[in-house]
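So the structure is just underneath, and the comments pick up after that.
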Amino acid sequence: MIWTALLFGLLGSFHCVGMCGPIAFLMPVDRSNPVKRFFQVLSYHSGRLFTYAMLGLILGYLGRGLQLFGLQQQVSIAVGVLMILVILIPHKRMGTYSFSKPAYRLVSRLKTALGVQLKKKKASTFFTLGLLNGLLPCGLVYMAIFGAIASGGGVQGGVYMLFFGLGTLPLMTTAIYLGNFLKGKTKQLLVKAIPLAVVLMGCLFILRGLGLGIPYISPSNQVAVAEVAATHSCH
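Written out as structure tokens, the structure reads:
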């Protein structure tokens, strides 16, 4: 499922540019020195990827615990259904439940820390910006985290989130260099394509959990059991 993480990151990065774009636009990169600017941007992305990988590693171990109880396929199906439901349930209805209220204080502190870092131009500034950026609440990151949980292991979860982050690099880098380049009908069309991508990912996770014997997409239950046994024998 690693390739789905890369594809998800690539398609979801259109949303990332809209949500995290202002941070990218305001980053204090050195516009007069192309080489220095390149390494500053690289440091920023390294911070984001590190945060994503750590989140995937931690939550992947949660998925591994469920795998040990023989629940990996059920988790994969549940993750897929949840992804699809998030898209199908009207946004207004979701807003009435205020799931994010308990996190308001944390988000406020993250934004304050980001504001402080944006005013600096130290060598560590850009890596720190990336670290903090990766912790900001984002629906697409949540969807990727669900995928990391369903991956069935800490390393697998970390790699899944790492590839999700790699998928966001092209557009986020373009945003830093060119600013707000997505406008008009093009932006609207791309934003409308994101829900379709999430539903596609959800369907793939459901297929994976059903164990239909389709190579690389929905391996049979016997293959899944053999993979678990091989993993445990290595440890």
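Quick note on this note's numbering: the sequence shown kicks off at -8 and runs consecutively. All residues carry an ideal CB built from backbone N, CA and C; glycine is no exception.
- 8 Å or more divides the Cβ of G51 from the Cβ of G193.
- Fully contained in the segment 121 to 168 are the following alpha helix (DSSP H) runs of length 4 or more, in chain order: 130 to 141.
- With contacts defined as CB atoms closer than 8 Å, Y151 and A166 fail to qualify as a contacting pair.
- Distance from the Cα of L120 is smallest, within the candidate group T103, Y133, G200, for T103.
- V132 and N124 have their alpha carbons spaced roughly 11 Å apart.
- When P186, S23, L1 are compared, the shortest CA-CA separation from L76 is found for P186.
- With respect to F137, V70 sits close: the two C-beta atoms are nearer than 8 Å.
- Secondary structure at R28: helix, using DSSP grouped into helix, strand and coil.
- With contacts defined by Cβ atoms closer than 8 Å, G158 and L(-3) form a contacting pair.
- V107 carries a helical assignment under DSSP once its states are collapsed to helix, strand and coil.
- Around the C-beta of L79, fewer than 16 other C-beta atoms lie within 10 Å, and the residue is accordingly described as exposed.
- By the Cβ neighbour-count rule, V107 is exposed, with fewer than 16 other Cβ atoms within 10 Å of its own.
- Closest in C-alpha terms to F16, from the list L2, L1, N24, V32, comes V32.
- The shortest CA-to-CA distance from P25 to any of K183, R199, Y168 is the one to Y168.
- For G145, same chain residues with a beta-carbon under 7 Å away, outside a window of 5 residues either side, are L48, G51, Y52, R55 in chain order.
- Exposure of Q65 is indicated by the presence of fewer than 16 other C-beta atoms within 10 angstroms of its C-beta.
- Remark: C-beta atoms of I68 and G200 approach each other more closely than 8 Å.
- In the assembly as shown, S142 is a buried residue. Its beta-carbon has 16 or more other beta-carbons within 10 Å.
- Only residues of its own chain outside the window of five on either side were considered, and among them F117, F118 have a CB closer than 6 Å to the CB of S34, listed in chain order.
- F196 and W(-6) have their alpha carbons spaced roughly 13 Å apart.
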